[in-house]
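Protein sequence lines, in the order shown, are assigned to chains A and B. With this note's numbering applied, the first sequence covers 592 to 892. With this note's numbering applied, the second sequence covers 31 to 306. C-beta: ideal position from N, C-alpha, C; glycine also.
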Amino acid sequence: MLNFRSPETLPLVNLSNAGVRRNGRWLVRGVEFSISPGEIVTLIGPNGSGKSTTAKAAIGVLKPDEGHVERKPGLKVGYVPQKLAVDWTLPLTVERLMTLTGPLKGREIEEALSATGVLHLAKAEVQHLSGGEFQRALLARAIARKPDLLVLDEPVQGVDFSGEIALYELIKQIRNRTGCGILLISHDLHIVMAETDTVVCLNGHVCCRGTPQAVSQSPEYQKLFGRRAASTLAVYSHHHDHTHLPDGRVLHADGSITEHCFPGDGHHHDDEENVHDHGEDCGCGHHTRLHGYDVKEKRDA
Amino acid sequence: MLDDFFVRALIAGIGIAVMAGPLGCFVIWRRMAYFGDTMAHSALLGVALSLLLELNLMLSVFIVAAVVSVLLLFLQRRGALSTDALLGILSHSALSFGLVIVAFMTWVRIDLVGFLFGDILAVSESDIDIIWGGGILVIFAIVYLWRPLLASTVNPELAEAEGLNPERTRLFFMLLMALVIAIAMKIVGILLITSLLIIPAATARRFSTSPEVMAVLASVIGALAVTGGLFGSLHWDTPSGPSIVVAAVGLFVLSLLPIGRRPMEAAHHSTPGGHR
Chain A
592 MLNFRSPETL PLVNLSNAGV RRNGRWLVRG VEFSISPGEI VTLIGPNGSG KSTTAKAAIG
652 VLKPDEGHVE RKPGLKVGYV PQKLAVDWTL PLTVERLMTL TGPLKGREIE EALSATGVLH
712 LAKAEVQHLS GGEFQRALLA RAIARKPDLL VLDEPVQGVD FSGEIALYEL IKQIRNRTGC
772 GILLISHDLH IVMAETDTVV CLNGHVCCRG TPQAVSQSPE YQKLFGRRAA STLAVYSHHH
832 DHTHLPDGRV LHADGSITEH CFPGDGHHHD DEENVHDHGE DCGCGHHTRL HGYDVKEKRD
892 A
Chain B
31 MLDDFFVRAL IAGIGIAVMA GPLGCFVIWR RMAYFGDTMA HSALLGVALS LLLELNLMLS
91 VFIVAAVVSV LLLFLQRRGA LSTDALLGIL SHSALSFGLV IVAFMTWVRI DLVGFLFGDI
151 LAVSESDIDI IWGGGILVIF AIVYLWRPLL ASTVNPELAE AEGLNPERTR LFFMLLMALV
211 IAIAMKIVGI LLITSLLIIP AATARRFSTS PEVMAVLASV IGALAVTGGL FGSLHWDTPS
271 GPSIVVAAVG LFVLSLLPIG RRPMEAAHHS TPGGHR
């Protein structure tokens, strides 16, 4: 396996204590992570936890209101936004979409489209694509420009399960072939790409971070997902020591209530014990139970 | 030949249609029709100020339209009212201020109907120079800004992330709108300028396979509408602006008829499921 990380490699992007504030409210603060060439960082967290905001701050679409975001000079970004609606009045084929932000050779377009499996749709108007087909076209557009950093905001939304596995495998191949860094936002709270180097769990701040456990090591998941999926997906099991109450206040494990949670608020990793029982009262909606994949918990899906 | 007022109006009108085509496409892609209306209505305030301060008419209209669009950006940032409420306030207040100022100036007699609905008798030879000079400038600017304009129309954040500058592009786009409004006002009239932007572009949509084709086609359709409208205006002695709009709407209605539908489009409509 190729390893692009070395101590002297400069990170593509580095966030230190970054925070973004809108209308007097902190969307996210105290975010720290960096992405090096060849590294995959996955952001997880419930709705409104600041995942997209963090990604936008990382690529310079949003300016941080505190802390610092440093990007390598001349960094070339490929971006797949979470939502993209093309007005029906705009006649845009998949082929034309590819050169939206910069010129490409015909061969590069073809390669990218066939890599994501939508070459046959090159002449189709984007408004006629299904959700999954459109996601693949957007991914093709982002990789065709051969970026240093690929930022994918929920790239597998609207894609069926086997398509999701195929896209994750493709993302892995892109990383191995080009050595680009990848910032991935997962729509799932627990299941991430197995190749992920670092998982950063957000809930208005960095709740916790760590490395995922390969699903292939857990017989339960292997049974649930099948062998092929099990080698692509990984599980990030964790729960938190504080609960976000509906009114925005935070209940801590020791029973105290504060107005906000703090970057220092900790987490518990289930490093020694894979199976654990975590109460339903965990407001973060983060807890994992390995003995069953609870659909009810997929609030963010 | 240019002595003939009708030929002058025709040359001027076609020049306006050519630059309005691509700009009008962006107006409908970006859903800015009401915004265009507001800028156009503010032109009457520009007319009034030009008479009051004895400024050049087109320059004064351009400046007022540009100021109104910057004012709108500023009010949008404050975020107290929705954009369409802000547009409604700006649009009608600019129009009314213009009318009130004109009414106060009892020493000047202006042809208000001519300003509101266009007047083909009003086009001078120097107007033609300005229209075609300005038109070439607008076309060059759109060609130069095409990629960032299109990318930020599809998604401003995507454009920003991949190194294009959507904020600056938007500002240039508004200045181009102000320029077209200042130039087009004499022929089409303040109240109807937006229709020359929108209707040809909407007509072109059905026959277009790419944004570029749609922009060129909108110019051609606009030129056809101007020609037809001016002939009608001459023939029936109707105001030029409404006559051009009637001709443009006629072409638009023709484009809605299910004749000559492209096979690709027909195939998409008949595909069961799979498409939304």
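- Nearest to Ile41(B) by C-alpha distance, out of Val97(B), Gly280(B), Val283(B) and Leu254(B), is Leu254(B).
- Annotation: the continuous beta strand (DSSP E) that includes Val611(A) extends over Val604 to Arg613.
- The beta-carbon distance between Gly636(A) and Leu793(A), rounded to whole angstroms, is 4 Å. This is short enough to meet the 8 Å contact definition.
- Per the Cβ contact rule, the region 62 to 70 of chain B is not in contact with the region 243 to 257 of chain B (fewer than 3 Cβ pairs under 8 Å).
- The count of Cβ pairs closer than 8 Å, one atom from the region 37 to 55 of chain B and one from the region 167 to 175 of chain B, reaches three, so the stretches are in contact.
- Using a CB distance cut-off of 9 Å, Gly51(B) does not count as an interface residue toward chain A.
- A direct Cα-to-Cα measurement between Ala133(B) and Leu175(B) gives close to 41 Å.
- For Val243(B), the nearest beta carbon of chain A is closer than 9 Å to its own beta carbon.
- A distance of 9 Å or more separates the beta carbons of Ile229(B) and Asp678(A).
- Between the region 639 to 653 of chain A and the region 607 to 627 of chain A there are three or more C-beta pairs closer than 8 Å, enough to call the two in contact.
- Under the three-state reduction of DSSP output, Thr268(B) falls in the coil class, being neither helix nor strand.
- Among the residues of chain B, none has a CB under 7 Å from the CB of Arg766(A); the nearest is roughly 19 Å distant.
- The beta carbons of Leu125(B) and Leu74(B) sit about 5 Å from each other, so the pair counts as a contact at 8 Å.
- Under a 10 Å Cβ-count criterion, Phe104(B) is classified as exposed, with fewer than 16 other Cβ atoms of the shown protein chains found around its own Cβ.
- At a cut-off of 9 Å between beta-carbon atoms, Gly109(B) makes contact with chain A.
- Chain A has a Cβ within less than 9 Å of the Cβ of Ser238(B).
- A direct Cα-Cα distance of roughly 55 Å separates Asp744(A) from Leu81(B).
- Judged by DSSP in its simplified three-state form, Thr802(A) adopts coil rather than helix or strand.
- For Val717(A), there is no enclosing beta strand (DSSP E), since its DSSP letter is neither H nor E.
- Straight-line measurement puts the Cα of Trp137(B) at about 48 Å from the Cα of Leu180(B).
- Not a single C-beta of chain A is nearer than 9 Å to the C-beta of Asn195(B).
- Among the CB atoms of chain A, none fall inside 9 Å of the CB of Ile229(B).
- The alpha carbon of Leu209(B) has as its nearest neighbour, out of Glu197(B), Asn195(B), Pro196(B) and Thr224(B), the alpha carbon of Thr224(B).
- Secondary structure at Cys55(B): helix, using DSSP grouped into helix, strand and coil.
- Counting the other CB atoms within 10 Å of its CB gives His71(B) a total of 16 or more, which places it among the buried residues.
- At a cut-off of 9 Å, the C-beta of Arg177(B) has a neighbouring C-beta in chain A.
- In summary, the residues of the region 634 to 654 of chain A whose CB is separated from some CB of chain B by less than 8 Å are Lys647, Ile650, Gly651 and Val652, in the order they occur in the chain.
- No Cβ of chain A is located within less than 9 Å of the beta carbon of Trp266(B).
- Along the region 689 to 708 of chain A, the positions whose C-beta sits under 9 Å from a C-beta of chain B are Thr690, Leu691, Thr692, Gly693 and Pro694, read in chain order.
- At the C-beta level, Lys663(A) and Val604(A) come within 9 Å of one another.
- At a cut-off of 9 Å between C-beta atoms, Leu79(B) does not count as an interface residue with respect to chain A.
- With at least 16 other beta carbons inside 10 angstroms of its own, Glu630(A) counts as buried.
- In this chain, Thr787(A) is not harboured by any alpha helix (DSSP H), its DSSP state being neither H nor E.
- For the region 157 to 174 of chain B, no residue has a beta-carbon sitting nearer than 7 Å to a beta-carbon of chain A.
- Remark: C-beta atoms of Gly271(B) and Leu227(B) do not approach each other more closely than 9 Å.
- At a Cβ-Cβ threshold of 9 Å, Leu264(B) and Ile160(B) do not count as neighbours.
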